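Beneath this line is the structure, given in C-alpha cells, with notes to follow.
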Amino acid sequence: MNSAQIEIQLIASLVTIACAIPGTFLVLRKMAMISDAISHSILPGIVVGFFITQDLNSPLLIVLAALTGVITVVLVEYIQKTGLVKEDTAIGLVFPALFSIGVILIAKNANDVHLDVDAVLVGELALAPFDRLIVSGVDIGPKSLWIIGIILLITITLLIAFFKELKVSTFDKGLAASLGFSPAIIHYGLMTVSSVTTVGAFDAVGAILVVALMIAPAATAYLLTTNLKKMLALAMFFGIFSAISGYWLAHLLDASIAGSITTMLGLIFLAVYLFAPSKGVIAVMYREKQQRTEVSLLTFLLHLKNHNEVEERHVNHLREHINWQKVRAKTVLELALKNNMIVVNNDIVSLTKKGDTFTSKAIDYIITNKDAQIEDMKDDFFLFRG
Amino acid sequence: MDLQEYFSLVFSDYTLRTITLGTAILGAVTGMLGSFAVLRKQSLLGDAISHAALPGIAIAFLITGAKDSNTLLLGALVSGLIGTFWIRGIVKKTHLKSDTALGLILSLFFGFGMLLLTFIQKQPNANQAGLDKYLFGQAATLVESDVWLMAIVTGLCLFVLLLFWKEFKILLFDADYTKTLGFNTKVIDILITSFIVLAIVLGLQTVGVVLMSAMLLAPAAAARQWTNSLSKMVLLAAIFGAFSGVFGTAISASQTNLSTGPVIVLVASIFVVFSFVFSPSRGLLFKQIRFIKNRRDLELHKTLAFMYHIAETHENISHPHTIKLLNNFQGFTRKTLQKLVEKNYVTLDGNMWSLTEAGFKTAANLYTKQTTEDE
Numbered sequence: 217m218n219s220a221q222i223e224i225q226l227i228a229s230l231v232t233i234a235c236a237i238p239g240t241f242l243v244l245r246k247m248a249m250i251s252d253a254i255s256h257s258i259l260p261g262i263v264v265g266f267f268i269t270q271d272l273n274s275p276l277l278i279v280l281a282a283l284t285g286v287i288t289v290v291l292v293e294y295i296q297k298t299g300l301v302k303e304d305t306a307i308g309l310v311f312p313a314l315f316s317i318g319v320i321l322i323a324k325n326a327n328d329v330h331l332d333v334d335a336v337l338v339g340e341l342a343l344a345p346f347d348r349l350i351v352s353g354v355d356i357g358p359k360s361l362w363i364i365g366i367i368l369l370i371t372i373t374l375l376i377a378f379f380k381e382l383k384v385s386t387f388d389k390g391l392a393a394s395l396g397f398s399p400a401i402i403h404y405g406l407m408t409v410s411s412v413t414t415v416g417a418f419d420a421v422g423a424i425l426v427v428a429l430m431i432a433p434a435a436t437a438y439l440l441t442t443n444l445k446k447m448l449a450l451a452m453f454f455g456i457f458s459a460i461s462g463y464w465l466a467h468l469l470d471a472s473i474a475g476s477i478t479t480m481l482g483l484i485f486l487a488v489y490l491f492a493p494s495k496g497v498i499a500v501m502y503r504e505k506q507q508r509t510e511v512s513l514l515t516f517l518l519h520l521k522n523h524n525e526v527e528e529r530h531v532n533h534l535r536e537h538i539n540w541q542k543v544r545a546k547t548v549l550e551l552a553l554k555n556n557m558i559v560v561n562n563d564i565v566s567l568t569k570k571g572d573t574f575t576s577k578a579i580d581y582i583i584t585n586k587d588a589q590i591e592d593m594k595d596d597f598f599l600f601r602g
Numbered sequence: 059m060d061l062q063e064y065f066s067l068v069f070s071d072y073t074l075r076t077i078t079l080g081t082a083i084l085g086a087v088t089g090m091l092g093s094f095a096v097l098r099k100q101s102l103l104g105d106a107i108s109h110a111a112l113p114g115i116a117i118a119f120l121i122t123g124a125k126d127s128n129t130l131l132l133g134a135l136v137s138g139l140i141g142t143f144w145i146r147g148i149v150k151k152t153h154l155k156s157d158t159a160l161g162l163i164l165s166l167f168f169g170f171g172m173l174l175l176t177f178i179q180k181q182p183n184a185n186q187a188g189l190d191k192y193l194f195g196q197a198a199t200l201v202e203s204d205v206w207l208m209a210i211v212t213g214l215c216l217f218v219l220l221l222f223w224k225e226f227k228i229l230l231f232d233a234d235y236t237k238t239l240g241f242n243t244k245v246i247d248i249l250i251t252s253f254i255v256l257a258i259v260l261g262l263q264t265v266g267v268v269l270m271s272a273m274l275l276a277p278a279a280a281a282r283q284w285t286n287s288l289s290k291m292v293l294l295a296a297i298f299g300a301f302s303g304v305f306g307t308a309i310s311a312s313q314t315n316l317s318t319g320p321v322i323v324l325v326a327s328i329f330v331v332f333s334f335v336f337s338p339s340r341g342l343l344f345k346q347i348r349f350i351k352n353r354r355d356l357e358l359h360k361t362l363a364f365m366y367h368i369a370e371t372h373e374n375i376s377h378p379h380t381i382k383l384l385n386n387f388q389g390f391t392r393k394t395l396q397k398l399v400e401k402n403y404v405t406l407d408g409n410m411w412s413l414t415e416a417g418f419k420t421a422a423n424l425y426t427k428q429t430t431e432d433e
C-alpha cells in the first residue's frame, strides 16, 4: 500500500462518516429523497461558482453550491405549500430543472470549463491525492482531505452541541416546539449541513452517489437498532467498512471507486435486509408464520371449549369443520400437545386444565377488546412457540 | 441553424424528422403514464426506476457484447422492474419508509451501474464506447427503428389504457372500493407500474437516466392544474409532453453544444411554471386575484354595515352624516365609498353621505343572506 492508496481510503472513510451523520437524521425524518434533490441541484451552484473562482476546491464554490442546495429545499417547500401538487412531486419537479440548467451551463461553456458532466455524477476519487494543498511551500496533504476533514469536524461539533435538540425534534416535533427549540432553525440547519456535506463529498464521489452514502448506511443501521446513538455509530461503521472494502474492490476490477463503494453498501444492505435479527425479511416472514399458527391454535382451542359433544371434538372432524389443510391441522395439534393445552384420547381431543384457563383468559381479552394482551399472555403459557 | 430553419427542415430532413418524432412520441407516452404516477403519489418512483435501469443496460452489454439498443433496453426493463419490486418489498416488509426505500434503490443501483460502466470502459472491447449516452441521453442517436419501437409501445399503452380505463381509474381514487368490487387490485397495480417502467426505459436513450423522472412528472403536474377530470388530464399531459419534446428538440437543434435531454426537461418545467401561475381555477395568479377581490368585498360590506348601524339610530334612514364619521373606522377608504355610490347604496352630497333605500336593505340582509350580488 503506498501513500496515495492510504490517502484515498482515508478520504473515502471521512466522506462516508460525514455523509452518515446527516443521512441518519434524514432517514429518520422521512426526508431521504431531499438528499437526492440537493445532490442534483447543487450542480448549477457549482458551475456558477466555478465560473467565478476558476478553482474546483475554492471555499466560495462550496458556499455557493450549499446555498443552491438550501434554495432547492426552500423551493420544494414553497411548491408544497401552494398545494398545487403533492409533496413528492414538488421534489421531482425542482431538481431535474436545476440539474438541467447545470448541465446546459457546462455544455455551453465546455471549452473553458474543466468540468466534465460524468465527473459530476461519479466524481474521481482516484485523482484526489494529486491535488495537494501547499501552505507556504510545505505539502500538507491532499486538498479534498482537508475540505472533507473540516466539514466533518464542523458536522461532529454541531452534532454533539445540538444532539438533544436534534433528537427531540426528530422524534417529537410538537414536544420540541413546546420546549422552545425552533423547528425551522433545526430543519434548515440540518438542510445546510446536508448541502455542505454533499458539496464536500461531491468532489470525491459525485452527485448521485452522495445519496447512497447518506441513505444506505443509515437505512442499514435502522434495520438493526432503534437506539439513535447506536444507529449513528452503526451507520458510520458501515460507511467506513464499505469505503475501505469498496476501494479494494475497485482496485481489483480497475473500476470506479465510488461505484464500488456504493456496490459494497448495497451488498451490506442486502445482507442486513435479509438477515437482520428482528426486522430482516426472513425474520419477519418467520414471525408472520409463527403468528398465523398461533392464531390458528387459539381458534382451535376456542372451538374445543365451545363444544362438549364427542363428535365435534374428533381429530378428523376438526379438520373438516375448521377447514384446515392436513399439514396445518397437524402443526396446530402438535403445538397444542407440546404446550400441554390438550390431551388426545382415542382420537377425541379435550382441553387440559391449563388449556382451559388459557382459553377463558383469551376470551376475556377478546370480548373486552384487549386483543394485544393475548400476546403477553402467550409468554406465560407457551413452552414452545408456533 | 435558427428556429425558423429548423421548422422548415423538420419535414424534409431525415435526422431531424426522426428525432422530433421520437421525442414527441416519448413526451406523449410519458405524459400519459406520468399522470397515473403523479396521482398515485409515486412521483419519485420514476426517478428511482430510471436510475435503477442503469445496471441492466451494463449487464445486457456485458452478456451480449453488442450495442443493439433493443437488447440494452430489455436489460434496463428487467433491472428497472427488479428495482421497483424491491422498493415495494422494503416498504412492505420492513419499517423503512418509502422515501428511504426509493433513495436506497436509486443510489445503490446507480452506483452498481457506474461500477459496471467503468469496468466495461476498461475492457478491450472496441464496441464499448458510447454506453454512457444513457446517462444524459442523446436524442441524436435515435434511428427510425427506435421511433417505431416507441410508437408500437405507445400504441400498446394506449390500447391497454383504454381497455382497462375503468379499472385504472377506480384503483387510482379508491383502492379499497376496487377490492370490494372484486377486481384483482394486485394485477391492475402491477400492470400500471410495469407500463410506467416501460415508458421510463423507452426514454433512457433520449433523455437519459438522470433526467427521465422529470419527463414523467412535469407534463402530468402541468396538466393537473387545468382540469379535475382524469381523461382530460391524461390527454393534456400527453399534449404537453409531446410539445416539450418538439420544442426541446427544436431549441437544442438550433444551438450548438446543447444536449436535447436537459432542454426538453427545461421546456417541460416552463410548462409547469406557466400552469402553476396561470391556470384559471388553481393557478397562483388567479388565486391571488380572487383573494384581493374577496378582501375588497369584505371591506365594502364592513363599511356598509357600519353605515347601517349609524343610519339605524335615525328615523329617516337617508339622514345625511359627515364623511369624517367614517374616518376612525378601518374598512373605509375613499375608493370603497365611491364604489358604494356606484352601486347606488349611498348618495354623496359634499362632505355628507346618506344611505339609500336599496343600501339600507342590502345592509340589513348582509348577514342573513348567503350570497350577495356584489361578488
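From first to last, the protein sequence lines stand for chains G and A. Position in the first sequence (first residue = 1) + 216 = this note's numbering. Position in the second sequence (first residue = 1) + 58 = this note's numbering. Ideal Cβ positions, reconstructed from N, Cα and C, are used throughout, including at glycine. Only a predicted model underlies this, so the values are computations on that prediction, with no experimental measurement involved.
Cβ-Cβ distance between residue i and residue j below 7 Å
i               : j               : result
S257 of chain G : V427 of chain G : no
A281 of chain A : A326 of chain A : no
L200 of chain A : I77 of chain A  : yes
G92 of chain A  : L274 of chain A : yes
I535 of chain G : A545 of chain G : The sequence given here places Arg at residue 535 of chain G; Ile does not occur at that position. Yes, they are a contact pair.
G318 of chain G : L395 of chain G : no
L139 of chain A : I148 of chain A : no
A272 of chain A : M90 of chain A  : no
A451 of chain G : A236 of chain G : yes
T243 of chain A : L229 of chain A : yes
M208 of chain A : L84 of chain A  : yes
A197 of chain A : T314 of chain A : no
CB contact check: residue i to chain G, cutoff 7 Å
i               : result
T420 of chain A : no
L275 of chain A : yes
V245 of chain A : no
P113 of chain A : no
D232 of chain A : no
P378 of chain A : no
R348 of chain A : no
Of the listed residues the options, nearest to residue i (C-alpha basis)
i               : options                        : result
L277 of chain G : G:H519, G:D563, G:G416, G:I558 : G:G416
I262 of chain G : G:L314, G:S229, G:E293, G:T584 : G:L314
V384 of chain G : G:K577, G:R601, G:F241         : G:F241
L362 of chain A : A:A209, A:M90, A:N423, A:Q181  : A:N423
I401 of chain G : G:F378, G:V543, G:E340         : G:F378
I233 of chain G : G:H467, G:I366, G:E381, G:A499 : G:I366
S66 of chain A  : A:V331, A:K401, A:A311         : A:A311
L239 of chain A : A:I248, A:F253, A:K224         : A:K224
Short CB-CB distance (under 7 Å) between residue i and chain A
i               : result
G308 of chain G : yes
D419 of chain G : no
G475 of chain G : yes
D252 of chain G : yes
A451 of chain G : no
A437 of chain G : no
P312 of chain G : yes
S274 of chain G : no
I320 of chain G : yes
I233 of chain G : no
7 Å Cβ cutoff, residue i in contact with chain B
i               : result
T479 of chain G : The structure shown contains no chain B; its protein chains are G and A.
**OP:** Determine contact between the segment 487-500 of chain G and the segment 424-440 of chain G, defined as no fewer than three beta-carbon pairs at a distance below 8 Å.
**Re:** yes
**OP:** Evaluate contact between the segment 90-104 of chain A and the segment 296-312 of chain G, counting only Cβ atoms and requiring at least three cross-stretch pairs below 8 Å.
**Re:** yes
Original post:
Does the count of Cβ pairs from the segment 398-410 of chain G and the segment 457-466 of chain G closer than 8 Å reach three?
Top reply: With contact defined as three or more Cβ pairs closer than 8 Å, the segment 398-410 of chain G and the segment 457-466 of chain G are not in contact.
Subject >> Ordered list of alpha helix (DSSP H) runs contained in the segment 500-578 of chain G, each at least 4 residues >> reply: 531-538, 542-554
Subject >> Any 3 or more C-beta pairs closer than 8 Å across the segment 107-122 of chain A and the segment 247-267 of chain A >> reply: yes
**OP:** Could I get the ranges of all uninterrupted beta strand (DSSP E) runs contained in the segment 334-401 of chain G, with 3 residues as the minimum, in chain order?
**Re:** 348-351, 354-358
Original post:
Would the segment 390-401 of chain G and the segment 234-251 of chain A be scored as touching if the rule is three or more Cβ pairs under 8 Å?
Top reply: no
Subject >> Every unbroken alpha helix (DSSP H) inside the segment 421-457 of chain G [4 residues or more] >> reply: 423-438
Original post:
So, do the segment 333-342 of chain A and the segment 352-361 of chain A have three or more beta carbon pairs nearer to each other than 8 Å?
Top reply: no
**OP:** Spell out a yes or no on whether the segment 243-253 of chain G and the segment 156-168 of chain A are touching, meaning 3 or more CB-CB pairs, one atom from each, closer than 8 Å.
**Re:** yes
Original post:
Can at least three beta-carbon pairs, one atom from the segment 363-371 of chain A and one from the segment 407-421 of chain A, be found at a separation below 8 Å?
Top reply: yes
Subject >> Segment contact flag, the segment 115-124 of chain A with the segment 164-176 of chain A, C-beta cutoff 8 Å, min 3 pairs >> reply: yes
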